[in-house]
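Contents: one structure, followed by commentary.
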Amino acid sequence: LAPGKEDCLILDYGENILRHGPLDDVHPEAKRRGKRKDIKTCPSCGEVLTPQATACPECGYVFPAPKPKQPSSLPHRAHCSSANILSDGTHEKPTKTRTTYTVEHVEYAIHHSRKNPDAPPSLRVTFLLAGPPYRVSVWKQPASPYSWARKRFAQWWRQMAGEGAVSAIPRTAHEALEAIEVGAQLKTPATVTLCTTEGDAFPQDVAYTFAPEPSVEEALAATDDDLPF
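So the sequence shown is residues 46 to 274, counted in this note's numbering.
Laid out in structure tokens, this is it:
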């Protein structure tokens with residue numbers, strides 16, 4: 046800080062503090078594993094080039110210039126985050142409590158944020174539980190401008206939909222609800238584990254268990270039992 050100043054203004058429009066922690070107690074995400082982008086291939090002759098190459102020295106092919114990002118597509122919110130920039134000095138993480146509940150039914154609905162009306166609607170997932178608190182909701186955002194939120198939604202959808210819907214991940218909450226209503230047949234979990242963080246108003250779903258699917262013989266036997274003759 047400049048001499049004589051004790052404070053500064055930091056506006057976090059990208060929710061970086063929520064993802065990485067306060068500035069004096071940062072918890073970076075684990076290093077991602079994946080294929081290194083240390084080469085690229087000429088689409089004309091197949092020559093292997095460095096990532097920085099703008100033209101192929103073998104055949105003369107010129108790579109098209111990357112398109113500049115438009116301001117409207119920048120992944121930040123309309124309002125800055127209210128998360129604390131600094132920790133309270135103890136460097137202790139907030140208390141987290143995990144509780145597993147038995148699920149009887151799941152309901153889905155479109156949810157519009159009252160705090161941020163400009164935000165795309167989210168998919169509200171409400172679990173009807175066998176005991177107190179009897180119902181609890183979590184929110185999924187397939188249309189989030191943040192890649193990490195979009196990735197979390199895709200992982201959740203694959204887990205709930207099963208292998209039959211892996212190739213059809215909805216891109217908006219309305220697409221997700223429409224897919225559910227026309228027969229996406231998302232699985233109802235046997236249990237859901239919710240994580241409540243001290244200071245947060247809503248829990249996060251962190252784990253599911255599913256009842257084993259019946260065998261072909263069991264399914265046929267159940268069908269025979271339903272026949273009136």
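Every residue, glycine too, gets a C-beta built ideally from N, C-alpha and C.
Neighbourhood of Ser182 by C-beta distance below 7 Å, restricted to the same chain and skipping five residues each side: Arg169, Val170 and Thr171
Counted within 10 angstroms of its Cβ, other Cβ atoms place Tyr179 as buried (16 or more) or exposed: Exposed, because fewer than 16 other Cβ atoms sit within 10 Å of the Cβ of Tyr179.
Outcome for Phe108 when other beta-carbon atoms lying within 10 angstroms are tallied against a minimum of 16: exposed
Segments assigned alpha helix (DSSP H), at least 4 residues, entirely inside the region 149-174: none
Cβ separation of Ile225 and Tyr153, assumed to be a contact under 8 Å, to the nearest whole Å: 5 Å
Distance, Gly91 Cα to Asp57 Cα: 44 Å
Three-way DSSP call (helix, strand, coil) for Ala224 in this model: In the structure shown, Ala224 falls within a helical segment according to DSSP collapsed to helix, strand and coil.
Cβ neighbour criterion (16 or more within 10 Å) applied to Cys101: buried
Secondary structure of Thr135, DSSP reduced to three states: Because Thr135 sits at a pLDDT of 49, beneath the cut-off of 50, its placement in the model cannot be relied upon, and the point is left open.
Neighbour-count burial assignment, Ala256, 16 or more Cβ in a 10 Å radius: That one is exposed.
Phe198 burial status per 10 Å Cβ neighbour count (16 or more: buried): buried
Assigned secondary structure, Ser192 (DSSP; H/G/I helix, E/B strand, else coil): helix
Residues bridged to Cys240 [DSSP beta-bridge criterion]: Arg143 and Gln249
Classification of Lys185 by the beta-carbon crowding that lies within 10 angstroms, buried from 16 upward: buried
Cα-Cα separation, Glu60 to Gly66: 10 Å
Counted within 10 angstroms of its Cβ, other Cβ atoms place Ser117 as buried (16 or more) or exposed: Summary for Ser117: the model assigns pLDDT 48, below 50, so the residue's position carries little reliability, and this model does not support an answer.
Rounded separation between Glu149 and Pro177 - CA only: 12 Å
Nearest to Thr140 (by Cα), restricted to the options Val251, Gln230, Thr242 and Pro215: The closest CA to that of Thr140, considering only Val251, Gln230, Thr242 and Pro215, is found on Thr242.
Rounded C-alpha distance that separates Pro248 from Glu51: 35 Å
Per-residue DSSP class, three states only, for Ser117: Model confidence at Ser117 stands at a pLDDT of 48, short of 50, so the residue's coordinates are unreliable and nothing is read from them.
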